[in-house]
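Q: The opening position of the sequence shown corresponds to residue 26 in the working numbering, with each subsequent residue numbered one higher.
Yeah, the Cβ is synthetic: ideal placement off N, Cα and C, and Gly gets one too.
Please read all numbers here as calculations on a predicted model, not as lab measurements.
Just passing along the structure, written as structure tokens.
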Amino acid sequence: MINQVGLMVAPDCNSRANSDRKFPEVLMSNFTEKFNSLTVAFNMNGIESTNTYTNITGAELWEKIKNPRIGDKNGSHFLRTNLKLDEQGKCLSRTNNHCAQEGWLIIIDVDETTAFPQAVHDALKSADIAHILVGTHSYYAENKNRFRILLLCDSAYNTEQLEPTSEAVVERINYLLTEGFIHYAKENKVFSQPWYTPSKLQNCDTEILYIEYLEGKYVPIKEKQLSPDISKEIPRIPISLTQGQISPITAWNEQIPVGVVLQKHGYRITFQNERSRRWISPNSTSGKGGITEDIITGKIFSHHNDSLNDGYSHDSFDVMRLLKNLSFNDAIIFASRQIKAPDGSTIDQWNKRTGKTQSMAITTNTTLPPTISFQKYQPFNNDLLPVDALPYEALPNQMSAFIKEQSDIRGCPPDFVLISILARMGLLFSGKVKIAMTRNTSWSASPNFFWIMVGSPSTGKSNALSATSKPIQILEEAARDIYKHDLRAYQEEMDLLLRQLNAIKKGLDRENEKNPSKQNPADLEAFKIKIKETQGKIYDLEAQKPTLKHYTVGKITIEKLILILSENPDGILCEFDEVSTIFTRFSKDEHSEERGLYLTGYNGNCPYSYKTINRGDVIIHNLVLGILGGVQPSKLKRFVNDARNGSLDDGFLQRFQGIVFPDVTLRLLQDKQGSNYLLTELNNLFQNLNNLPSGAPTILEFDDKGQIIFDEWREKSTIEAHDLEPHLSAHIGKSYEFVASLALYLYFFENDGQLPKNNEITVDYVRRAIKLGSYFLSHAKRMYALAYKDNMPARSLAGKLTQIKSPFNRSDIRDKGWSDLNTKEERLEAINVLIKRGYLSMPIQGKYYINPECLAE
26 MINQVGLMVA PDCNSRANSD RKFPEVLMSN FTEKFNSLTV AFNMNGIEST
76 NTYTNITGAE LWEKIKNPRI GDKNGSHFLR TNLKLDEQGK CLSRTNNHCA
126 QEGWLIIIDV DETTAFPQAV HDALKSADIA HILVGTHSYY AENKNRFRIL
176 LLCDSAYNTE QLEPTSEAVV ERINYLLTEG FIHYAKENKV FSQPWYTPSK
226 LQNCDTEILY IEYLEGKYVP IKEKQLSPDI SKEIPRIPIS LTQGQISPIT
276 AWNEQIPVGV VLQKHGYRIT FQNERSRRWI SPNSTSGKGG ITEDIITGKI
326 FSHHNDSLND GYSHDSFDVM RLLKNLSFND AIIFASRQIK APDGSTIDQW
376 NKRTGKTQSM AITTNTTLPP TISFQKYQPF NNDLLPVDAL PYEALPNQMS
426 AFIKEQSDIR GCPPDFVLIS ILARMGLLFS GKVKIAMTRN TSWSASPNFF
476 WIMVGSPSTG KSNALSATSK PIQILEEAAR DIYKHDLRAY QEEMDLLLRQ
526 LNAIKKGLDR ENEKNPSKQN PADLEAFKIK IKETQGKIYD LEAQKPTLKH
576 YTVGKITIEK LILILSENPD GILCEFDEVS TIFTRFSKDE HSEERGLYLT
626 GYNGNCPYSY KTINRGDVII HNLVLGILGG VQPSKLKRFV NDARNGSLDD
676 GFLQRFQGIV FPDVTLRLLQ DKQGSNYLLT ELNNLFQNLN NLPSGAPTIL
726 EFDDKGQIIF DEWREKSTIE AHDLEPHLSA HIGKSYEFVA SLALYLYFFE
776 NDGQLPKNNE ITVDYVRRAI KLGSYFLSHA KRMYALAYKD NMPARSLAGK
826 LTQIKSPFNR SDIRDKGWSD LNTKEERLEA INVLIKRGYL SMPIQGKYYI
876 NPECLAE
């Protein structure tokens, strides 16, 4: 259902929206005409392709954003303006200089906001600002609160005016929102920024997000303003401190962010980007934040008509003093009594113990505490384990060339491109072949696996997936055409049989209506025989009803997935932008059956049955189900830790044999065309793999030398795994089939997807697969090391010291119920290790003091 709002009545003139006269009163009665007359650049080939644009009208763009394309994200995108043309009338490549020098369209990217679309729409409508609001691909595919706002300006803006104008829009929305907040995205200010057109997955049941309000005002153009000078600090009276005493000013600024002080006095944020925040006074009626906060320094500069507007920048202590209207000395006293010292007492109490100062002007009688000392501070090393570099020498030459080229073009690690190739290759043959693991037993393995790319946001995981998406899209399109043709023929044949059956039944009815004396028993029997024969043909035809061949699926219900799997015995690959979603889902007891489906599907050679309400028992004779996607290290760590603690230790994590967790290095997109011959060869490879015979899997085996090398490696790995931690031992145990299967992947790529003669894989592929398997294992070890580390109880406690009041005793930790610190032995071990590493003092009267050095870190 499309949610549309149009032809709205202007808000009451007494509303807060109309109290701001910064926005003009011109009504946008011609919004549709204005938007339709726009000209913007459009590209169907992904943002990496910068020179394949065409200029389209605003009307064409409106249609694309109003009605999301059904299917996977294909890279289609548009710009805020048109592109200039070359001498042949073709659009120039996408750069700021090649864009039209002026624009009318403002686009606000709302990414993972706390404000919901309807609330943003209501805020803009309350200010009588015309707008269109649309969902993004992530809104539908990942159920994320991501959307975009499109507005028109009252005049054309230039490159210098884009940033202040878009900032003013975001600030205005935040001022009007009753709940939630929109962070300013850096994409809003890039003149040549590409914006994906909305798309919605085939099986996604999320309602289309499209809201419009067309009877409002234009957005006014804003000029760029000079940033306030935060270097001019207010003069301060120096305070004298004896050795060991702590400055209340420094302690206040370290412990109380300036934003906390502002919020306590009724100020609220109206704007935030990566560099700064803007705060608005509780007494302001302009809707514009007059206080600018530098996020790095934590200082503010005020243009409001308040006590902070004195021509100086102010830190948190200054803001507290000025807003409370305190003298400098009174502010010192107030801060010293509010802020904590390293031992948990106040700064006032700490300083009195270490010596009295004239400026503190505070007297008290107190007993000096015992001497608190710490061993040399030795912080834990949280560096990632080293990983092997991608062994290009083990890969086919054409695969290496494709990986290197696509890594350059898409600005992503080559490791991610490798995963993208292997996962989608395996999708096409995992249900059709097996590799014999031994010579004298029936042990054979399906080359079906789980594949995962570990990397922070914006490291290029999605770019790597798009590198190999085209061959699959070609196969999917061909499958749809075949399905449509076969379904039409099926329906025509079924219609014919149903008409024949109906005619025969009518003949039988006429014969039955005759006088019994005139009925011919032979004719009656003939009609019954024909009915039975025709019904048999109908039943046989129903059993042959065409099904659509699927290759990949995304977000999908278990019932729909099982139905698709039952119709696709060659297997399915589940692709996820963020694999953490299934980890989270499978951690819940109500999804244990779905988790079991994936565990079984990994094996690639087991039957599976499922009871449904509408279809009864659905039986899958050979379940083949793979996983491909990316995950952020911080999210992956949580699930590795769950496996370590035993709550999710059922081998699911070990099934991600195809894991890459590369080092993060700066990679810049290279604006170059991909080699056509490499893309053509990849298309041919995928087509040939798709054409491998289905049915009973073909059993491939190693040649004699290959089997000997593989057996020696497997025996050596088994011996080494015996002395390793259980999680690594289990992972290596599953790697035998993985490494054996890698030999198939390398062979098929190098031989254009053709089956080998005599069904034998030669020793060269075995050696290269072992080398590639060692590379994958090093990345798996890095993954496990996120949680499987020495001194885990101590590491856990060290990360939580900021949540404990110093000094503390062991019962304080017990009462928190923290993981890794559940038992008395774990808590004692953690404390003893932290004492040795200088985090904690030796116990003083049963209490432990926290080293300020580790808190500062």
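Along the chain, which unbroken stretches of the alpha helix (DSSP H) at least 4 residues long are found entirely within the segment 55 to 110?
A: The segment 55 to 110 contains these whole alpha helix (DSSP H) runs: 56 to 61 and 83 to 91.
Q: So, for residue 706: in the same chain, excluding its five sequence neighbours on each side, which residues have a beta-carbon less than 7 Å away from its beta-carbon?
A: Numbered from its first residue, the sequence shown carries residue 706 at position 681. Closer than 7 Å at the Cβ level, and outside the excluded window around residue 706, lie 423.
Q: Just the C-alpha distance for residue 106 and residue 122, rounded to the nearest angstrom, thanks.
A: In the sequence shown, the residue the question calls residue 106 occupies position 81. In the sequence shown, the residue the question calls residue 122 occupies position 97. Their backbone Cα atoms lie some 12 Å apart in a straight line.
Q: With three or more beta-carbon pairs closer than 8 Å as the criterion, would you say the segment 222 to 233 touches the segment 89 to 97?
A: The answer is yes - the segment 89 to 97 touches the segment 222 to 233, with three or more Cβ pairs under 8 Å.
Q: Within 10 Å of its beta-carbon, does residue 480 have 16 or more other beta-carbons around it, so buried, or fewer, so exposed?
A: Position 455 of the sequence shown, counting from 1, holds the residue named residue 480. Under this definition residue 480 is a buried residue.
Q: Just to confirm, is the Cβ distance from residue 476 to residue 444 under 8 Å?
A: For the purposes of this step, residue 476 is identified with residue 451 of the sequence shown, where counting begins at 1. For the purposes of this step, residue 444 is identified with residue 419 of the sequence shown, where counting begins at 1. Closer than 8 Å, so yes.
Q: Would you call the segment 558 to 570 and the segment 133 to 153 in contact, with 3 or more CB pairs under 8 Å?
A: These segments do not touch.
Q: Apply the 10 Å Cβ neighbour rule to residue 866 and answer buried if 16 or more other Cβ atoms are within range, or exposed otherwise.
A: Counted from its first residue, the sequence shown places residue 866 at position 841. Under this definition residue 866 is a buried residue.
Q: From 776, 727 and 749, pick the residue whose C-alpha is nearest to that of residue 762; which is it?
A: The residue labelled residue 762 in the question sits at position 737 within the sequence shown. If we check each option's Cα against that of residue 762, 727 comes out closest.
Q: Rounded to a whole number of angstroms, what is the C-alpha to C-alpha distance between residue 430 and residue 497?
A: Here residue 430 corresponds to residue number 405 of the sequence shown, with the count starting at 1. Here residue 497 corresponds to residue number 472 of the sequence shown, with the count starting at 1. For residue 430 and residue 497, the distance between alpha carbons rounds to 19 Å.
Q: Going straight from the alpha carbon of residue 630 to that of residue 708, what length do you get?
A: Locating residue 630 in the sequence shown gives position 605, counting from the first residue. Locating residue 708 in the sequence shown gives position 683, counting from the first residue. Answer to the nearest angstrom: the Cα atoms are 27 Å apart.
Q: For the structure I just gave you, are there three or more beta carbon pairs, one from the segment 269 to 278 and one from the segment 158 to 178, closer than 8 Å?
A: Segments in contact, no.
Q: Taking the alpha helix (DSSP H) that residue 817 belongs to, which residues open and close that run?
A: Working through the sequence shown from its first residue, we reach residue 817 at position 792. Residues 817 to 823.
Q: Tell me whether residue 875 is buried or exposed, calling it buried when 16 or more other Cβ atoms sit within 10 Å of its Cβ.
A: Taking the sequence shown and counting its residues from 1, one reaches residue 875 at position 850. By the 10 Å Cβ count, residue 875 comes out buried.
Q: Using only the alpha-carbon positions, how far apart do residue 458 and residue 504 sit?
A: As a first step, residue 458 is located in the sequence shown; it is residue number 433 there, counting from the start. As a first step, residue 504 is located in the sequence shown; it is residue number 479 there, counting from the start. Distance between the alpha carbons of residue 458 and residue 504: 21 Å.
Q: Can you tell me whether residue 201 is buried or exposed, with buried defined as 16 or more other CB within 10 angstroms of its CB?
A: Stepping through the sequence shown from its first residue, residue 201 is reached at position 176. Buried is the call here.
Q: With DSSP as the reference, please indicate the residues paired to residue 221 in a beta bridge.
A: Within the sequence shown, the letter at position 196 stands for residue 221. Bridge partners of residue 221: 102.
Q: Count Cβ pairs between the segment 399 to 408 and the segment 799 to 809 that sit closer than 8 Å; are there 3 or more?
A: Because the criterion of three Cβ pairs below 8 Å is not met, the segment 399 to 408 and the segment 799 to 809 do not touch.
Q: Determine the contact status of residue 194 and residue 286, defining contact as a CB-CB distance below 8 Å.
A: In the sequence shown, counting from the first residue as 1, residue 194 sits at position 169. In the sequence shown, counting from the first residue as 1, residue 286 sits at position 261. Contact: no.
Q: Output yes or no for whether 8 Å exceeds the beta carbon distance between residue 488 and residue 167.
A: As a working mapping, residue 488 is identified with position 463 in the sequence shown. As a working mapping, residue 167 is identified with position 142 in the sequence shown. Cβ atoms of residue 488 and residue 167: not closer than 8 Å.
Q: Please classify residue 595: is it buried, with 16 or more other beta-carbons within 10 angstroms of its beta-carbon, or exposed?
A: Numbered from its first residue, the sequence shown carries residue 595 at position 570. Buried, because 16 or more other Cβ atoms sit within 10 Å of the Cβ of residue 595.
Q: In chain order, what residues of the same chain lie with their CB nearer than 6 Å to the CB of residue 328, ignoring the 5 residues before and after it?
A: Position 303 of the sequence shown, counting from 1, holds the residue named residue 328. Closer than 6 Å at the Cβ level, and outside the excluded window around residue 328, lie 315.
Q: Could you say which of 684, 219, 736 and 879 lies nearest to residue 486 if we only look at CA atoms?
A: Taking the first residue of the sequence shown as position 1, residue 486 is located at position 461. The shortest Cα separation from residue 486 among 684, 219, 736 and 879 belongs to 684.
Q: Roughly how many angstroms lie between the CA atoms of residue 75 and residue 697, to the nearest whole one?
A: Taking the first residue of the sequence shown as 1, we reach residue 75 at position 50. Taking the first residue of the sequence shown as 1, we reach residue 697 at position 672. Those two C-alpha atoms are separated by around 9 Å.
Q: Expressed to the nearest angstrom, what Euclidean distance is found between the alpha-carbon atoms of residue 760 and residue 627?
A: As a working mapping, residue 760 is identified with position 735 in the sequence shown. As a working mapping, residue 627 is identified with position 602 in the sequence shown. When rounded, the distance between both Cα atoms is 13 Å.
Q: By a C-beta neighbour count over all protein chains shown, 10 Å radius and 16 as the cutoff for buried, is residue 51 buried or exposed?
A: Reading the sequence shown from its first residue, position 26 is the one you call residue 51. Model confidence at residue 51 stands at a pLDDT of 40, short of 50, so the residue's coordinates are unreliable; what they give is reported in the following sentence. Per the 10 Å Cβ criterion, exposed.
Q: Since residue 578 contacts residue 586 with CB under 8 Å, what's their CB separation in whole angstroms?
A: Walking along the sequence shown from the start, residue 578 turns up at place 553. Walking along the sequence shown from the start, residue 586 turns up at place 561. Confirmed, about 6 Å.
Q: Find the nearest neighbour of residue 332 within the set 355, 290, 515 and 880, judged by alpha-carbon distance.
A: As a working note, residue 332 is residue 307 in the sequence shown. Closest option to residue 332, Cα to Cα, is 290.
Q: For residue 720, tell me which candidate among 773, 667 and 649 has the shortest Cα-Cα distance.
A: Your numbering for residue 720 matches position 695 in the sequence shown. Checking every option, the nearest Cα to that of residue 720 belongs to 649.
Q: Among the candidates 81, 774 and 312, whose CA atom is the shortest distance from the CA of residue 69?
A: The count along the sequence shown starts at 1 and reaches residue 69 at position 44. Closest option to residue 69, Cα to Cα, is 81.
Q: If I measure Cβ to Cβ from residue 739 and keep anything under 6 Å in the same chain, skipping five residues before and after, which residues do I get?
A: The residue labelled residue 739 in the question sits at position 714 within the sequence shown. 761, listed in sequence order.
Q: State the beta-bridge partners of residue 159 as determined by DSSP.
A: On the sequence shown, residue 159 is found 134 positions in, with the first residue counted as 1. 173 and 235, per the DSSP bridge assignment.
Q: List the endpoints of the continuous beta strand (DSSP E) containing residue 318.
A: Here the question's residue 318 lines up with position 293 in the sequence shown. Element bounds for residue 318: 316 to 319.
Q: Return the CA-CA distance between residue 397 and residue 492, expressed in angstroms with no decimal places.
A: As a position in the sequence shown, residue 397 is number 372, starting the count at 1. As a position in the sequence shown, residue 492 is number 467, starting the count at 1. So the two alpha carbons sit approximately 60 Å from each other.
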